[in-house]
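J.:
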Amino acid sequence: MLRTLCLIVAFLFLTACTASPLYCSNRAGHQICIIELQRSAKNYWEYRAQTTLDGIRQPPVKYDCRAKRHDILGQWVCDRFRS
């Protein structure tokens, strides 16, 4: 009985801790999702983002919105969160 209860609680805890995207969008035929986003305190035009592209997790990248990156992810992050 106690073992079953512990398994149920563990299952609920694990399903509640999965990362859910902050924001998703379809752009240029690709599904883009932001998992984590941090804005630089020193340079307001810089963002550090963990993203997925078509469901494939991308490595964390620093986006410099002044530099006008030409890839899909960089354009989308800068366009979406420009202040």
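This note's numbering numbers the first residue of the sequence shown as 38 and each following residue consecutively.
Heads up, the beta-carbon is just placed ideally off N, CA and C, and yes, glycines get one too.
1. With DSSP collapsed to three states, give me the class of residue 78.
2. Are the CB atoms of residue 105 and residue 83 nearer to each other than 8 Å?
3. Tell me whether the beta-carbon of residue 88 lies closer than 8 Å to the beta-carbon of residue 70.
4. Can you say whether residue 75 is buried or exposed, counting buried as having 16 or more other CB atoms within 10 angstroms of its CB?
5. Among 117, 111, 77, whose alpha-carbon lies nearest the alpha-carbon of residue 90?
6. Taking the runs of the beta strand (DSSP E) that are 3 residues or longer, which of them lie wholly in the stretch 90-120?
7. Spell out the partners DSSP gives residue 88 in its beta bridges.
T.: To lay it out plainly:
1. coil
2. no
3. yes
4. exposed
5. 111
6. 98-101
7. 71
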